[in-house]
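First comes the structure, then the notes that go with it.
Residue numbers (our numbering): -14 to 39.
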């Protein structure tokens, strides 16, 4: 591994232009590097699913 990163303080807000996400990235490794944040928006696993009537 080249270096290590810690991602923290994730915050997501709804805006007029859609959702905005902010996250803090810290390089905790011994070498310089850049971290990339990947976001995969979708339906939350906590979303209420409609009940199927039999």
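All C-beta atoms, glycine included, are put in the ideal place defined by N, C-alpha and C.
If I measure Cβ to Cβ from residue -11 and keep anything under 7 Å in the same chain, skipping five residues before and after, which residues do I get?
Translated into the one-based positions of the chain shown, residue -11 becomes position 4. Excluding residues within five positions, the ones whose Cβ falls inside 7 Å are 13 and 14.
Just grab the DSSP bridge partners of residue -1 for me.
Within the chain shown, numbered from 1, the residue matching residue -1 stands at position 14. Bridge partners of residue -1: 4.
Spatial distance of residue -2 from residue 18 (CA atoms)
If you number the chain shown from 1, residue -2 lands on position 13. If you number the chain shown from 1, residue 18 lands on position 33. Their Cα atoms are separated by approximately 28 Å.
Using only the alpha-carbon positions, how far apart do residue 3 and residue 37 sit?
As a working mapping, residue 3 is identified with position 18 in the chain shown. As a working mapping, residue 37 is identified with position 52 in the chain shown. Roughly 31 Å between the two C-alpha positions.
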